[in-house]
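Student: First the structure, then my questions, so here it is.
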Amino acid sequence: MADILLGFTNVLQPMNILICLGGLFVGVLFGALPGFSATMAVAIFVPFTYVMEPGAALLLLSALYCGGVFGGSIPAVLVGIPGTPASAPTALEGKALVRKGEAGRALHHVTLSSVFGGALSAVALLICAPLLAQIAKMVGQPEQMMVAVFGLSVVIMLSEDNLFKGVMVAIISLVLATFGQDPVQGFPRFTYGFKELIGGFSVVPVLIGLFSLPEVFKMLEDPHGKMTETGTVGSMKLPLKEIFGNLINGIRSAVIGICIGIIPAAGPDIAAFMAYNEAKKASKHPEKFGSGAVEGIVASEAGNNGATGGSLIPLLTLGIPGSAPAAIFLGAMIIHGIRPGPTLFSQHASVVYTMIIGFILINLLMYIVGMIYCKFGSLILYIPKSILATTIVVLAVVGTYATSKSIFDVWVMFGAGLLGYLMQRNNFPTSPVALALLLGTNMEQSLARTLTMYEGRMLDLFSRPLFTALTLFTVFSFVYPLIKMKLRKNKKAKEAAELKEQ
Amino acid sequence: MKMKKSMPDVIISIVVLIFLGTLFVQVPAIPEISRGFPLGLLIIATVMTLYLLIRNLLRLKNEEAVESKVLEQAKTIVPYCLMIIAYIWLMDKLGYIISTVVFMIVSLLFLRLKNKILMIILAVALTCLLYFVFTNFLGVVLPRGKWINIAF
């Protein structure tokens, strides 16, 4: 308790609050720019922390990380370009709300649910870290494989309207994810002779293309006269009923985010999709998803921000960096003479509790910073479509180039954009592409390793409690939406028959 | 222009099958140990695409052609795509600054922005702003042209 109070005292020092605010402002900017990510924000600023106190250094990195994860959602709502892959589900609903002239409402929900998810993950970091560390210890290759398969079950909910096409897109996208060196042997596959394809497709250029260019092409479908039109932001005020109506959804999504966060290699992006999926399953109006459902935004944002604290749990308690940002945190901590692991909480209690309490404060401050960004960012909607379309293309091109300094990736982005437009026109869902590319490599790698570990004795896998639990979840996740869809169809058919009789 | 509703799916299925075919051709060159996972997926993808093709071919027989705006929309979208292609290609040759200013002016002209002064100011200002943010603030060196190189 004394350590927690000491953490509070450290965090509430004016300089540390300023560091948190500064980190958030910069982090949100990084997240909002296409092609930049929370990981890059943390990585770029590590050298700046060399001269800082360890506590302040970790606060700065935490603020950059949380701000980066949140920032990606602002362009996702306003222009349909997810700044980071974790904001892709937000883009689905945000775009629809912008079309309805309710951008303000969408942005306020984004900010509020991000703060909620992030704060809850920080509390989990403070209270449940030792318990969650035990779960993290149980995660091996078989569990990682099941998480990837579980993640793919999201496809079923994402493509409810056209299940066959959705599954087909996911399978073809999984094939695309196998391009480049295979994750076990390193042999290059399906490269068509391009050396740029040896590393496979980068996910970020594909996502930028898939979510941004189709919006531009849709604007071009309108007659030229409409290109001078502008959008409307609408009110940012949220009725209390709407906020509290999403409370359960927010808690569920944040918990999903925290649990996904502690699993190595599964970060905010997968958490966002999974939380979105569960929200759709639990919703009374799943048919509204995809056409501006606030529940979808809340789930996605609480989920991806929930993963921020979760991803640090294995690092702080076991010394295992389960994600790229956690690995950078590990580097920064070692530079400051702090070695994460089981003894961390006793040997460096002051620094660790400063960071954890700071995580809570950072997430609360994110509301202020986020609303400022949303207020100014939403002005973008008053720009005529002709200027907006041109700017989106330039931003998509420059943002993609920035990720890898490769013109080849810019071509990939353009190809993905064109493909995404053709898919949308012909009722092929595009979200399974993102999901399959995010999960594909991890799935193949963990599958290969699991097969090696359990060669000829696959049933032994069920002696692993977490694997068994995940398998049951996965089966449920695949079957439940199908049953629900069937029941809904039967109900509709029954209603139609009754109407006919009348 | 009139088109049957299932026609786009038929065309897409054929294109996807050709693409999957090009992947099948490459499979024998992959060592057996690295082949299993992609091959399994390829087979499932091919079966599903074939099913989609056959299902839509059968539907095609009973459908009537309906009015489609595809050609009309293509008249705007295809030239714009060509402009983006030219932009990406020129970025490698002329560098970020020249290619972006040129693309923005041509794009805004194409999309009929009436105010010419605003058009030029916007093209130059946005290009420079992005250049400054990416190069000076984020440390990203934007493309320098192989033919001409303008950089600050």
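These protein sequence lines are chains A and B, in that order.
Sequential numbering of the first sequence, starting at 276, is according to this note's numbering.
Sequential numbering of the second sequence, starting at 6, is according to this note's numbering.
Every residue, glycine too, gets a C-beta built ideally from N, C-alpha and C.
Because the structure is a prediction, the values reported are computed rather than measured.
Compare the C-beta of residue 50(B) with all C-beta atoms of chain A and state if any pair is closer than 8 Å.
Tutor: Yes, residue 50(B) lies at the interface with chain A (some Cβ there is under 8 Å from its Cβ).
Student: Could you tell me which uninterrupted beta strand (DSSP E) segments, each at least 3 residues in length, are contained entirely in the stretch 75 to 100 of chain B, listed from first to last along the chain?
Tutor: You should have found no qualifying run.
Student: Got a sec: is the Cβ-Cβ distance from residue 380(A) to anything in chain B below 8 Å?
Tutor: No, residue 380(A) does not count as interfacial toward chain B.
Student: Just to confirm, are residue 532(A) and residue 396(A) a CB contact at a threshold of 8 Å?
Tutor: Yes, these two residues count as a Cβ contact at 8 Å.
Student: Could you tell me whether the Cβ of residue 122(B) comes closer than 8 Å to any Cβ of chain A?
Tutor: No, its Cβ sits nowhere closer than 8 Å to a Cβ of chain A.
Student: Within 8 Å, do at least three Cβ pairs link the stretch 466 to 479 of chain A to the stretch 38 to 53 of chain B?
Tutor: Result no; under three Cβ-Cβ pairs closer than 8 Å.
Student: Please list the residues of the stretch 77 to 109 of chain B that have a C-beta atom closer than 8 Å to any C-beta atom in chain A, keeping them in chain order.
Tutor: Under the 8 Å Cβ criterion, the stretch 77 to 109 of chain B contributes 78, 81, 82, 85, 86, 89, 90, 92, 93, 96, 97, 101, 105, 108 and 109.
Student: Please report the Cβ distance between residue 662(A) and residue 353(A), rounded to the nearest whole angstrom; I am assuming they are in contact, meaning their Cβ atoms lie under 8 Å.
Tutor: With 8 Å as the limit, residue 662(A) and residue 353(A) do not qualify as a contact, their Cβ atoms being about 14 Å apart.
Student: At which residues does the alpha helix (DSSP H) containing residue 759(A) begin and terminate?
Tutor: 740 to 776 is the extent of the alpha helix (DSSP H) around residue 759(A).
Student: I believe residue 535(A) touches residue 545(A) by the beta-carbon criterion, under 8 Å. Please report the beta-carbon distance rounded to the nearest angstrom.
Tutor: About 6 Å; that satisfies the 8 Å criterion.
Student: Could you pull the DSSP bridge partners for residue 7(B) from this structure?
Tutor: Residue 7(B) is bridged to 72(B).
Student: Classify residue 288(A): buried if its beta carbon has 16 or more other beta carbons within 10 angstroms, exposed otherwise.
Tutor: Answer is exposed; the Cβ neighbour count stays below 16.
Student: How close, in whole Å, do the beta carbons of residue 109(B) and residue 665(A) come, if the pair is a contact with beta carbons under 8 Å?
Tutor: With 8 Å as the limit, residue 109(B) and residue 665(A) qualify as a contact, their Cβ atoms being about 5 Å apart.
Student: Roughly how many whole angstroms lie between the Cα atoms of residue 404(A) and residue 637(A)?
Tutor: Cα to Cα, the separation comes out at about 18 Å.
Student: Apart from the five residues just before and just after residue 99(B), which ones in its own chain have a Cβ nearer than 7 Å to its Cβ?
Tutor: Answer for residue 99(B): 150, 152 and 153, listed in chain order.
Student: Is residue 374(A) helix, strand or coil when you go by DSSP?
Tutor: Residue state, collapsed to three classes: helix.
Student: Tell me whether residue 456(A) sits in a helix, a strand or coil according to DSSP, three-state version.
Tutor: Residue state, collapsed to three classes: strand.
Student: Between the stretch 549 to 567 of chain A and chain B, which residues of the former have a C-beta closer than 7 Å to a C-beta of the latter?
Tutor: Result list empty, no residue passes.
Student: Does the beta-carbon distance from residue 39(B) to residue 464(A) come in below 8 Å?
Tutor: Yes.
Student: Along chain A, which residues have their Cβ under 8 Å away from the Cβ of residue 53(B)?
Tutor: Here the neighbours are 439, 442, 443 and 446.
Student: Look up residue 357(A) in the DSSP assignment and say whether it is helix, strand or coil.
Tutor: It is coil, neither helix nor strand.
Student: Touching or not, the stretch 327 to 341 of chain A and the stretch 298 to 307 of chain A, by the rule of three or more beta carbon pairs under 8 Å?
Tutor: The stretch 327 to 341 of chain A, when compared against the stretch 298 to 307 of chain A, does touch it at the 8 Å Cβ threshold.
Student: Please determine, among 294(A), 528(A), 342(A) and 611(A), the residue with the shortest C-alpha to C-alpha distance to residue 549(A).
Tutor: Residue 528(A) is the option with its Cα nearest to residue 549(A).
Student: Could you check if residue 779(A) is buried or exposed, using at least 16 other CB atoms within 10 Å of its CB as the buried criterion?
Tutor: Given a span of 276 to 777 for chain A in the structure shown, any question on residue 779(A) remains unanswerable.
Student: For a contact meaning CB atoms closer than 9 Å, what does residue 676(A) contact in chain B?
Tutor: By Cβ distance, chain B contributes 96, 101, 139, 145, 147 and 148.
Student: Is the number of C-beta pairs between the stretch 411 to 431 of chain A and the stretch 739 to 747 of chain A that are closer than 8 Å three or more?
Tutor: Output reads yes: the stretch 739 to 747 of chain A touches the stretch 411 to 431 of chain A.
Student: When you compare the CB of residue 724(A) with every CB in chain B, is at least one pair closer than 8 Å?
Tutor: Output row for residue 724(A): interface = no.
Student: Here's the rule: buried if 16 or more other CB atoms are within 10 angstroms of the residue's CB, otherwise exposed. What is residue 577(A)?
Tutor: With 16 or more other Cβ atoms within 10 Å, it is buried.
Student: What does residue 464(A) pair with, by DSSP beta-bridge criteria?
Tutor: In DSSP, residue 464(A) forms a bridge with 455(A).
Student: Given a threshold of 16 other Cβ atoms within 10 Å of its Cβ, counted over all protein chains shown, does residue 325(A) qualify as buried or as exposed?
Tutor: Exposed, because fewer than 16 other Cβ atoms sit within 10 Å of the Cβ of residue 325(A).
Student: Residues in its own chain within less than 8 Å of residue 377(A) by CB, not counting five upstream and five downstream?
Tutor: So the list reads 509 and 567, once near-sequence residues are dropped.
Student: Could you have a look at residue 513(A) and say whether DSSP puts it in helix, strand or coil?
Tutor: Three-state DSSP puts residue 513(A) in coil, outside helix and strand.
Student: Could you spell out the range, first to last residue, of the alpha helix (DSSP H) harbouring residue 686(A)?
Tutor: Residue 686(A) -> alpha helix (DSSP H) spans 682 to 700.
Student: Can you find at least 3 beta carbon pairs, one from the stretch 724 to 731 of chain A and one from the stretch 516 to 530 of chain A, that sit closer than 8 Å?
Tutor: No, the stretch 724 to 731 of chain A is not in contact with the stretch 516 to 530 of chain A.
Student: How big is the Cα-Cα spacing for residue 85(B) and residue 526(A)?
Tutor: Their backbone Cα atoms lie some 45 Å apart in a straight line.
Student: Three or more beta-carbon pairs under 8 Å between the stretch 750 to 758 of chain A and the stretch 448 to 459 of chain A, yes or no?
Tutor: No: fewer than three Cβ pairs fall under 8 Å.
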